[in-house]
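What follows is a short report on a single structure.
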Amino acid sequence: MRKSLIMAALIIIYIVVNSIVITPSKVPLYNELINPMMWIGLCIVAILLSKESVLRVKDESNKTQSLIIVMIIYIILYFLLGLIFGFQKTPYSKSIFSVITNVWSFGGIIFFQEFIRASMVKVEHKRKLNFILITILFTLANLSFTNFLNHFTDVKETFIYTVSTLIPLIVSNGVFTYLAFIGGPKLPIIYRLFITLPEFVVPILPNLDWFGTAVIGVTLPLAVFIYLNYVHVKKTERFSRRESKQYNPVVYVPVFVVIALIAGFVIGIFKYQPIAVLSGSMSPTFDRGDAVVVEKLNKAEKRELKKGDIIQYASGSQYVIHRIIKIENDEYGNRVFITKGDNNNGNDLNPVSTNQVVGKVAFVVKYIGYPSVWLSGMVS
Amino acid sequence: MEQKHKNIIIGGLLAIVVIMAVGYAAFATQLTINGTATIESKWDVHIKTIEPGQPIGTAKNKKVTVEQNQLTATFEDELVAPGDSITYTVTVINAGTLDAVLNDINFNDGDNEAIQYTYDGIEVTNVLGNGDEVQFTITVTYNPKITSQPESTNSTLTMTLSYGQNGV
């Protein structure tokens, strides 16, 4: 534990010096030279401090194989998501020299960091405390502080940054520490290379919003943890059939399928999408705090809309859910809908064109929209 | 035995990755690729602030929306008479650790003929070093030469900046 604390102190010094002195002073060759050199220095200290060499990697080929399988499946699924959400260019230069420099700058330090982590994990006493300490330290070491405070300007930004960046970073670092514990530095190195390198090498990434990023950022480390824990436990302890069944990752497959389906439902990749009601304009049909499930309509289905249907339509940058009270043709002969909130005195100001219509309310679920109402109340 | 099985699985999965890469190479032109990804910590170029200046004539700034930590901004103005104009000062910051280069600056004004826009102080190929900021202005004007009544006196202008790594 004492050696672990010395190492921890050194990493804290690194974090402070790096974020307060070195990064703001814009030193040249920071990514390519300065930052890796600092980690190499720390790594040398870690190796000198640890009794047995951390460089001697245990034979854990079974775990390595299992991890590689999970990571390749992740890469395949991740890029397939692009077929649903579309793709984005990565900002990184794709000239061969830049690719090599980036891979060295951001992939290279992974090796040094993970050797240090693996050397710190090996303690006999106060394992839990040590585990938490390592996880916190490496989370901080991998956070960017240059723009840190700007993520906390309002409740919405804080929420987005917390769920899409902070929580995934903490969860993954917890899993890295666990992997270093069961299999030495090799396992977290493989994991991190798989998630870090594609963006430098592959020219496109799936166009995920913060919600998608958050879901993946938590699901992947959990899946890795569950599977590797199973492989580890199966090997080290003798279990009866029933006991080993408890650890079998197949048990968790339905859980992940359900998470994926719920996430997909909420972000609207299916025909039906839930939407929280934020105003009382449609009372008493539905109230603020209820959720409506909107059926998205295609062109043919929009033609079948009739008076009395409740539709969701785009109005500027916002969406409105009101009832159709009249269907007319505008001056160019296009079908337009006159809409009104059940609880409003007058009609909506502008007629709604077919293009603006997103979908039709299929049914209402009472009260479950309240979390969204509270959240948006805090935001505005 | 189990390890052998796993090797076969890894081989099979790698084959899928190769097929995907080949597929990408073959169909890259048909994929819809929107904008540039924002990646935290290593890559972080974003609009820091947008300040509307003093309006000229009867122009009114209705709203400026900029997604925080993003590179897209929307300017909504009401320009009533020819010659009305309003100028915005935009500040972009590179908060990451890599040098960035402006690859493209794109405007979408909804094809409103009466509204003109100009920008000054920034151009494509400008390099924005890590930790640096750049300021430029955007002016939205009601075309003084317009003779017919435009459809709308509301102007919505969306600006998208596209930065990439300043590679070697």
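Read top to bottom, the protein sequences are chains C and L. Note that our numbering gives residue 396 to position 374 of the first sequence, counting from 1, and the numbers run on in steps of one. Note that our numbering gives residue 63 to position 73 of the second sequence, counting from 1, and the numbers run on in steps of one. All C-beta atoms, glycine included, are put in the ideal place defined by N, C-alpha and C.
Examine chain C for any beta-carbon lying closer than 9 Å to the beta-carbon of residue i, and answer yes or no.
i          : result
Met149(L)  : no
Asn116(L)  : no
Thr81(L)   : no
Ala85(L)   : yes
Ala90(L)   : yes
Lys(-4)(L) : yes
Val35(L)   : yes
Please classify residue i as buried or exposed, where buried requires at least 16 neighbouring CB atoms within 10 angstroms.
i          : result
Asn351(C)  : exposed
Gly206(C)  : buried
Ile135(C)  : Correcting the residue identity first, residue 135(C) is Gln in this sequence and not Ile. Its Cβ being crowded by 16 or more others within 10 Å, Gln135(C) is buried.
Asn120(L)  : buried
Asn96(L)   : exposed
Tyr200(C)  : buried
Pro393(C)  : exposed
Phe17(L)   : exposed
Gln(-7)(L) : exposed
Gly196(C)  : buried
Gly381(C)  : buried
Ala322(C)  : exposed
Have a look at residue i and residue j and give me their C-alpha separation to the nearest angstrom.
i         : j         : result
Tyr14(L)  : Gly234(C) : 22 Å
Asn377(C) : Thr19(L)  : 28 Å
Leu105(C) : Ile281(C) : 20 Å
Val39(C)  : Leu165(C) : 14 Å
Leu3(L)   : Met10(L)  : 11 Å
Phe278(C) : Tyr100(C) : 15 Å
Asp309(C) : Ile349(C) : 25 Å
Ile333(C) : Gly391(C) : 18 Å
Pro228(C) : Lys178(C) : 23 Å
Gly47(L)  : Pro72(L)  : 9 Å
Leu244(C) : Ile284(C) : 17 Å
Gln110(C) : Ile226(C) : 5 Å
Using C-beta distances below 6 Å, list every residue in its chain close to residue i, excluding the 5 sequence neighbours before and after it, in chain order.
i         : result
Pro296(C) : Ala313, Val315
Val92(C)  : Val246, Tyr249
Gln155(L) : Leu88
Gly130(C) : Pro58
Ser303(C) : Gly363, Asn365, Asn366
Going by DSSP, which residues form a beta bridge with residue i?
i         : result
Leu88(L)  : Answer is none; Leu88(L) lacks a bridge partner.
Ala336(C) : Tyr341(C)
Glu179(L) : As shown, chain L starts at -9 and ends at 158. That puts residue 179(L) outside it, with no answer to give.
Gly154(L) : Val91(L)
Leu118(L) : Ala90(L)
Val387(C) : Ala313(C)
Ser375(C) : Val358(C)
His147(C) : In DSSP, His147(C) forms no bridge with anything.
Asn96(L)  : Thr150(L)
Phe126(L) : Val80(L)
If we cut at 9 Å on Cβ distances, does residue i have a partner in chain L?
i         : result
Phe133(C) : no
Ser117(C) : yes
Leu102(C) : yes
Lys208(C) : no
Gln378(C) : no
Ile94(C)  : yes
Asn152(C) : no
Excluding the five sequence neighbours on either side, which residues of its own chain have a C-beta within less than 8 Å of the C-beta of residue i, listed in chain order?
i         : result
Gly368(C) : Lys362
Gly407(C) : No answer is possible for residue 407(C): the residues shown for chain C start at 23 and end at 402.
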